[in-house]
Structure formats: C-alpha cells, structure tokens
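According to my numbering, the residues represented by the sequence shown are 14 to 252, in order. Ideal Cβ placement from N, Cα and C applies to all residues, glycine included. Note that the structure is predicted; figures quoted are calculated from it, not measured. Read the structure below first, then the notes.
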Amino acid sequence: MKILAVDTAADSCSVAVADSGYGILAEMTVDIRQTHSKHLMQMVVTVLGMTGLRISDIDGFAVTRGPGSFTGLRIGISTVKGLAAGSGKPLAGVSSPDALAFQFPFADCLICTMTDARKKEVYCSRYRFENGRLKKEKEDQVLSPDKAVADISEPCLFAGNGALIYQKQIAEIIGRNARFAPLCMNIVRAGIVAQLGMQRLEKGDSDDVALFRPCYLRKSDAELNFGPKAVIIDNRFPA
C-alpha cells in the first residue's frame, strides 16, 4: 500500500510518500514561517516526482486532523480531501499530538506533547510507550503552560514547538523531571503521519471524505466574536 501524507497543523509543513513494503520513499519538510498554501501543492508534486509515482498510483491518503493552527489545518485537510475525492481513494485522519509522540518509541518516561496554541496556551497530550505501543494517558487539551505541567511529578519528555517556547517556564515548575526533545524533533513529520494513517487504512478504517473535519479543541476568534452566525457560515464552507 502506498500512502501520501500531509501535515500542516503547526508552523512546519511536511509531505511524504510511504510504502507498506519499504517504509518512507520520500519526505519533504519546511519550517520557514510562511503560509502553507504557498508551498504545499508544489511539495506534493516534488515528493511524487522523487518517487516516480503519480496520484493514480497512490492507494490512500493521510493527514493530521489537529489540534493545531486553524488556518494550517484547513489548508492541509482541504488539499488532501480534494486529492482523495478526485482519485476516489480513502483518507485517514491522524491526531497531530499522536504523530509527534510516535517519534519517541525508546523514551523510558512520560511523554508530554505541546503545540503552541497562541494566546499564551498550548495544545497538550500525554503518552507512554508500553511494549512498543504508544498509549495515550491524557486526552488532548488546551491549557496555559503552567496548568499543563502542574501535576507532573516524574521524569517527562517534552516535545513540540510549545515545549520550545515555554521551556524555561516548564523547567522552573517541575525542575529535574523536565527533559526536552532535541531541536530537530519538535515538529510533526509526514512520514510518521503516513505510518499511522497506513495502520488505519490497512484495517479498512478510513474517514468519510465529505464529512471529515479538523479538530480545533476551541472556538475560533470568529465564533467568539460573532457567535452562532460564524458557525453557520463555517458549515456552509467546510474545510
């Protein structure tokens, strides 16, 4: 099975093609703080070109569903939904924090993912690896950094751009229990998204392309400022 995967949930933008028999065939990631709409389709074309494949050769698609940047998620999900609908191939949504945590299978401690949610908050989740399997210990939340770590009393590996932004604050609160991922491992890689998406698709577990939506966790500024009218408008133009 060949999978095309996309992540646009945060500042970075990543595209990969993976094969169930070979692993990642090609992967491209940029983190240059520009709108993903400027680069995403060209990245898809480039990665496919590197593998010698066409969209018609792809058996399914995977994309991060959030939580993350409202605009970023819409760009990635709209693109992948269009490719899936146009090709008639299945789509699997993947949790952004799950994909981030999956990069640390040899961690012997609690894992806390943190993605910047703006407004001095982070999207956070907690995990452990048990017998090689990723186990989610706390569901995705949006909290201030201090509340996100207040009850941690054991060694914990922090990963994500939110952990980078609030590293000093985290270390001050939990002291020696704080461990931080290397700088290069604080972004979601599309190759990981492809692997997690492939696990779903190989079981026949896919999302309805027409109904698939981002997971935001909190209301957008438009909804907060304009109330129910904003929700109605958003439903007329789904991502």
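Alpha-carbon spacing of Cys-228 relative to Ala-98, whole angstroms: Within the sequence shown, numbered from 1, the residue matching residue 228 stands at position 215. Within the sequence shown, numbered from 1, the residue matching residue 98 stands at position 85. When rounded, the separation of the alpha-carbon atoms in Cys-228 and Ala-98 is 20 Å.
Proximal residues to Gly-85 (C-beta, below 7 Å), its chain only, five neighbours per side dropped: Taking the sequence shown and counting its residues from 1, the one referred to as residue 85 is at position 72. Excluding residues within five positions, the ones whose Cβ falls inside 7 Å are Thr-21, Ala-22, Ala-23 and His-49.
How many angstroms separate the CA atom of Met-54 from the CA atom of Thr-92? Counting from 1 along the sequence shown, the entry for residue 54 is found at position 41. Counting from 1 along the sequence shown, the entry for residue 92 is found at position 79. Here the alpha carbon of Met-54 sits roughly 8 Å from the alpha carbon of Thr-92.
Pairwise C-alpha distance: Lys-132 and Val-244: Stepping through the sequence shown from its first residue, residue 244 is reached at position 231. Stepping through the sequence shown from its first residue, residue 132 is reached at position 119. Note that Val-244 scores 47 on pLDDT, short of 50, meaning its location in the model is unreliable and no value can be drawn from it.
Assess contact between the stretch 209-218 and the stretch 34-41, defined as three or more Cβ pairs (one per stretch) separated by less than 8 Å. Is contact present? Short answer: they don't touch.
Beta-carbon spacing of Val-30, Ile-45 below 9 Å: Position 17 of the sequence shown, counting from 1, holds the residue named residue 30. Position 32 of the sequence shown, counting from 1, holds the residue named residue 45. No, the Cβ-Cβ distance between Val-30 and Ile-45 is not below 9 Å.
Does DSSP classify Asp-111 as helix, strand or coil? The residue you call residue 111 lines up with position 98 of the sequence shown. DSSP places Asp-111 in helix when its eight states are reduced to three.
Buried versus exposed call for Pro-118 [16 or more other C-beta atoms within 10 Å across all chains shown]: For the purposes of this step, residue 118 is taken as residue 105 along the sequence shown, with counting starting at 1. It is exposed - the Cβ of Pro-118 has fewer than 16 other Cβ atoms within 10 Å.
By Cβ distance below 6 Å, which residues in the same chain neighbour Ile-165 in space, the five residues on each side in sequence not counted? Taking the first residue of the sequence shown as position 1, residue 165 is located at position 152. Residues of the same chain with a CB within less than 6 Å of the CB of Ile-165, apart from the 5 flanking positions on each side, are Ile-187 in chain order.
Does the distance from the CB of Leu-253 to the CB of Val-135 come in under 9 Å? Not covered by the structure: residue 253. The range shown for the chain is 14 to 252.
Which value, in whole angstroms, describes the spacing of the CA atoms of Gly-89 and Thr-126? The residue given as residue 89 occupies position 76 in the sequence shown. The residue given as residue 126 occupies position 113 in the sequence shown. Cα to Cα, Gly-89 sits roughly 21 Å from Thr-126.
Locate the beta strand (DSSP E) running through Asp-20, then write down its first and last residues. Working through the sequence shown from its first residue, we reach residue 20 at position 7. Element bounds for Asp-20: 15-20.
Cβ shell of Ala-39 (< 7 Å), same chain only, five flanking positions each side left out: Along the sequence shown, read from residue 1 onward, the residue named residue 39 stands at position 26. Beyond the five residues adjoining it in sequence on each side, Ala-39 comes within less than 7 Å, by CB distance, of Ala-29, Val-30, Val-60, Met-63 and Thr-64 in the same chain, given in chain order.
What are the uninterrupted segments assigned as beta strand (DSSP E) that are 3 or more residues long and contained completely in the stretch 117-174, given in chain order? Whole beta strand (DSSP E) segments, 3+ residues: 123-129, 135-143, 146-156 and 169-172.
Compare the Cα-Cα distances from Ser-109 to each of Lys-149, Gln-116, Arg-141 and Arg-78 and report the closest residue. Taking the sequence shown and counting its residues from 1, the one referred to as residue 109 is at position 96. Of the candidates Lys-149, Gln-116, Arg-141 and Arg-78, the one whose C-alpha sits nearest the C-alpha of Ser-109 is Arg-78.
Hey, quick one: how far does the alpha helix (DSSP H) through Leu-224 stretch, first residue to last? Within the sequence shown, numbered from 1, the residue matching residue 224 stands at position 211. Looking at the DSSP string, Leu-224 is not in any alpha helix (DSSP H), and its letter there is neither H nor E.
Secondary structure at Leu-66, three-state DSSP: helix, strand or coil? Here residue 66 refers to the residue found at position 53 of the sequence shown. If DSSP states are grouped into helix, strand and coil, Leu-66 belongs with coil.
Taking Cβ to Cβ, would you say Glu-143 is nearer than 9 Å to Met-14? Along the sequence shown, read from residue 1 onward, the residue named residue 143 stands at position 130. Along the sequence shown, read from residue 1 onward, the residue named residue 14 stands at position 1. In this structure, the beta-carbon distance from Glu-143 to Met-14 does not fall below 9 Å.
For Thr-128 and Gly-173, believed in contact at Cβ under 8 Å, the rounded distance: Against the sequence shown, residue 173 aligns to sequence position 160. Against the sequence shown, residue 128 aligns to sequence position 115. Between Thr-128 and Gly-173 the Cβ distance is about 5 Å, and since that is below 8 Å, they are a contact.
Taking the alpha-carbon positions, what's the Ile-200 to Phe-74 distance? Position 187 of the sequence shown holds residue 200. Position 61 of the sequence shown holds residue 74. The alpha-carbon atoms of Ile-200 and Phe-74 are separated by roughly 20 Å.
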